[in-house]
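J.: Below you'll find the structure I mean.
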DNA sequence: ACGCCCTTGTGAACGTTTGCACAAAGTCGC
DNA sequence: GCGACTTTGTGCAAACGTTCACAAGGGCGT
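Residue numbers (the working numbering), protein chains in the order written: chain A, -5 to 283; chain B, -5 to 283.
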């Protein structure tokens, strides 16, 4: 409901419920680690171990778990199986969640083939696409159906969670139809900001944004390294020469940068650029079958 | 950068880097919206409009932008083109970032076909996979190369950002090799917690976690909607669970879930689960052949 | 030139999240 | 049965993030 750029919480439904959002976001990680431990036969785990495996601070982990109740044993730790159950229950994974996937491009296919999907309480109810060339094909044992059937599928399978894996241009429309059909939880892979009523929970997964955040930190790192006049290894320069830059006149703007080894500036694009090619969900060529 | 013990805190000098993380995470969203506006010919935008389009509060937007400098004009708003340039520059998108993708399953293919990839300063340097059946095939104009060439590719293309789109089991190994080869920014799609040195920046994109967070809120919503049915769990499960109930905590909760119509319980799985099917990055069947 | 109106930029209040440090509460050896 | 040891659960304070509210500043009409 909040967390992240998809946050949208104008008025009500604040976090007056028990568990902090930050904690909820970490519970699935703990759960995954716990499953792994259970698989390896581990029966008991301390907050220190579990925290290390989950990549967090142990105090944070204990505080997180304390929101679910006192399920540990002092001097010993937590019972893995018991904790798995408690976390699963808190997350609502002890019930079955039929999920509707709209968009059967590369991404939709990747999702449909995701094994962990079915294994944790989520089940693909249906897979829809609007491309007549894809409708009717079988992906991961599901026959792709027409996107016209959104409302019907939601009703028929009692879908509570919708996944939008369509191109950006189609996303809002699909979203509107999902919401109108009664879906209140949406996972959006399309690179657009969806407009929804305040009682709808949208979470966004966006490759492009993550890359840009990485780029920011990478840039800072190299900028810092440059202060020490880091010796730019010979191979860096060679790397530049080696790759055939696709046409980058790079009419250098007011700044000559030289990041990790001089990187071709592409600022003309950055400013003039426009590009409505924000679709990584497309790639709808024929299925290899 | 991996949050944690990496940063000491001798001096209470607030943010030891200029821009708050929360702001950095939102800048790409603003940027996308700005591009859309520029495409539509909008030349000037107010914080109110931009905020609405980006799905945030206008005060937050102004504060975010104020971290980059004073690029607005009071009484008027922001110049779209100028702001695009400033945000791009701040994010480091005015330079070219060669990206290495490891794993050419469905997800890797979806990424490779993502148009927005190349359009914002990111360029696919190479696409690797370890499946001999995939190596040599062409995806989005890139010939898939062997995963053995990680080190070589990083060196040759001066790769700064690595994308891990492999099955979970292979992820840590690939990660180690990327780091050893000098990559300091990693985008991980595999559902595992990667272990990296503190100077490596890892970002995770995890479908399963997002779904689980959605499920939590959805459950809460339906639980609230049925105030009548049952007392809000909690001590219920604790009673039955008591102590070591290795076998079937599942048998304990087939209570009336009447939320959005009866849903098939799948609780035995929720606990017994295990499963190493945490790979939504697989699905590496033949490509177009 | 001047005053009105609009929007930015920001100080300050408020809420959330993190991390420390330690008492409470349990186990284990003897 | 008891003391030493281990680990949980939590009070507290600092760090971080969000939101409000408004003064500062700039354009525009007259």
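C-beta: ideal position from N, C-alpha, C; glycine also.
For residue 14 of chain A, return the contacting residues in chain B, with the cut-off set at a CB-CB distance below 9 Å.
T.: The contacting residues do not exist; residue 14 of chain A stays about 12 Å from chain B at best.
J.: With 16 as the cutoff for other CB atoms within 10 Å, does residue 204 of chain B come out buried or exposed?
T.: That one is buried.
J.: Please report the residue range of the alpha helix (DSSP H) in which residue 102 of chain B lies.
T.: 100 to 106 is the extent of the alpha helix (DSSP H) around residue 102 of chain B.
J.: Contact defined as beta carbons within less than 8 Å: I believe residue 31 of chain A pairs with residue 39 of chain A. What is the distance between those atoms, to the nearest angstrom?
T.: So it is a contact: roughly 6 Å between Cβ atoms.
J.: Strictly below 9 Å CB to CB, what residues from chain A border residue 52 of chain B?
T.: Result: empty, since nearest Cβ-Cβ is about 12 Å, beyond 9 Å.
J.: Find the residues of chain B that neighbour residue 204 of chain A, judging by a C-beta separation of less than 8 Å, and give them in chain order.
T.: Correct list: 181, 197 and 199.
J.: Taking 7 Å as the CB-CB limit, is residue 164 of chain A close to chain B?
T.: So, not an interface residue.
J.: If you run the structure through DSSP and keep just helix, strand and coil, what is residue 183 of chain A?
T.: If DSSP states are grouped into helix, strand and coil, residue 183 of chain A belongs with coil.
J.: Any heavy atom of the ligand SAM within a distance shorter than 6 Å of the CB on residue 100 of chain B?
T.: Absent from the structure shown: the ligand SAM. Ligands present: none.
J.: For residue 191 of chain B, would you say it is in contact with chain A, using Cβ-to-Cβ distances shorter than 7 Å as the test?
T.: With 7 Å as the cut-off, residue 191 of chain B does not count as an interface residue toward chain A.
J.: Skipping 5 residues on each side, what residues in its chain have a beta carbon closer than 7 Å to that of residue 70 of chain B?
T.: Excluding sequence neighbours, residue 70 of chain B sits near 38.
J.: Looking only at its chain, what residues have a beta carbon closer than 6 Å to the beta carbon of residue 42 of chain A, apart from the 5 residues adjacent to it on each side?
T.: Answer for residue 42 of chain A: 52, listed in chain order.
J.: Taking all protein chains shown into account, do 16 or more other C-beta atoms lie within 10 angstroms of the C-beta of residue 250 of chain B, making it buried, or fewer, making it exposed?
T.: Residue placement at residue 250 of chain B cannot be trusted, given a pLDDT of 34 that sits under 50; what the coordinates show is reported in the next sentence. Residue 250 of chain B comes out exposed.
J.: Interface residues of chain B around residue 122 of chain A at Cβ under 9 Å?
T.: By Cβ distance, chain B contributes nothing, its closest Cβ being about 17 Å from residue 122 of chain A, past 9 Å.
J.: Interface residues of chain B around residue 185 of chain A at Cβ under 7 Å?
T.: Chain B residues near residue 185 of chain A: 26 and 110.
J.: Are the CB atoms of residue 184 of chain A and residue 162 of chain A nearer to each other than 7 Å?
T.: For residue 184 of chain A and residue 162 of chain A, yes; Cβs fall inside 7 Å.
J.: What does the alpha-carbon distance come out to for the pair residue 13 of chain B and residue 26 of chain A?
T.: Their Cα atoms are separated by approximately 32 Å.
J.: In the DSSP assignment, find the unbroken alpha helix (DSSP H) run with residue 94 of chain B in it and report its ends.
T.: First-last for residue 94 of chain B: 91 to 96, but that is the beta strand (DSSP E), not the alpha helix (DSSP H).
J.: Comparing the C-beta of residue 22 of chain A with each C-beta of chain B, is any distance below 7 Å?
T.: With 7 Å as the cut-off, residue 22 of chain A counts as an interface residue toward chain B.
J.: Reducing DSSP to helix, strand and coil, say where residue 122 of chain A ends up.
T.: DSSP places residue 122 of chain A in strand when its eight states are reduced to three.
J.: Assuming residue 181 of chain B and residue 199 of chain B are in contact, meaning their beta carbons sit under 8 Å apart, how far apart are those beta carbons, in whole angstroms?
T.: So it is a contact: roughly 7 Å between Cβ atoms.
J.: Is the distance from the Cβ of residue 36 of chain A to the Cβ of residue 74 of chain A below 7 Å?
T.: Their beta carbons are under 7 Å apart, which means residue 36 of chain A touches residue 74 of chain A by this criterion.
J.: With 16 other CB atoms within 10 Å as the buried threshold, where does residue 61 of chain A fall?
T.: By the neighbour-count rule (16 or more Cβ atoms within 10 Å), residue 61 of chain A is not buried but exposed.
J.: From the DSSP output, in three-state form, read off residue 136 of chain A for me.
T.: Of the three classes helix, strand and coil, the one that applies to residue 136 of chain A here is strand, per DSSP.
J.: Residues of chain A with CB under 9 Å from residue 129 of chain B, in chain order?
T.: Simply none; closest approach about 16 Å.
J.: Are the Cβ atoms of residue 218 of chain A and residue 154 of chain B separated by less than 7 Å?
T.: No, Cβ-Cβ distance for residue 218 of chain A and residue 154 of chain B is not below 7 Å.
J.: Taking the C-alpha atoms as reference points, what is the distance between residue 126 of chain B and residue 132 of chain B?
T.: So the two alpha carbons sit approximately 13 Å from each other.
J.: Three-state secondary structure (DSSP) at residue 72 of chain A?
T.: Residue 72 of chain A: strand per DSSP, three-state reduction.
J.: Taking the alpha helix (DSSP H) that residue 149 of chain B belongs to, which residues open and close that run?
T.: 144 to 151 is the extent of the alpha helix (DSSP H) around residue 149 of chain B.
J.: Check each residue of the segment 75 to 105 of chain B: if its Cβ is closer than 9 Å to any Cβ of chain A, include it; give the result in chain order.
T.: If the cut-off is 9 Å between Cβ atoms, the segment 75 to 105 of chain B has 75, 76, 78, 79, 82, 83, 84, 85, 86, 87, 88, 89, 90, 91, 92, 93, 99, 100, 101, 102, 103, 104 and 105 near chain A.
J.: Do residue 95 of chain B and residue 121 of chain B count as a contact pair if the criterion is CB distance below 7 Å?
T.: Yes, the Cβ-Cβ distance between residue 121 of chain B and residue 95 of chain B is below 7 Å.
J.: Just the C-alpha distance for residue 109 of chain A and residue 174 of chain B, rounded to the nearest angstrom, thanks.
T.: For residue 109 of chain A and residue 174 of chain B, the distance between alpha carbons rounds to 30 Å.
J.: Just to confirm the assignment, what range does the beta strand (DSSP E) spanning residue 195 of chain A have?
T.: Per DSSP, residue 195 of chain A belongs to the beta strand (DSSP E) from 195 to 198.
J.: Determine the direct distance from the alpha carbon of residue 99 of chain B to that of residue 139 of chain A, and round the result to whole angstroms.
T.: Distance between the alpha carbons of residue 139 of chain A and residue 99 of chain B: 23 Å.
J.: Note down, in chain order, each residue of its chain lying with its Cβ closer than 7 Å to the Cβ of residue 16 of chain B, except the 5 sequence neighbours on either side.
T.: Hits under 7 Å: none found.
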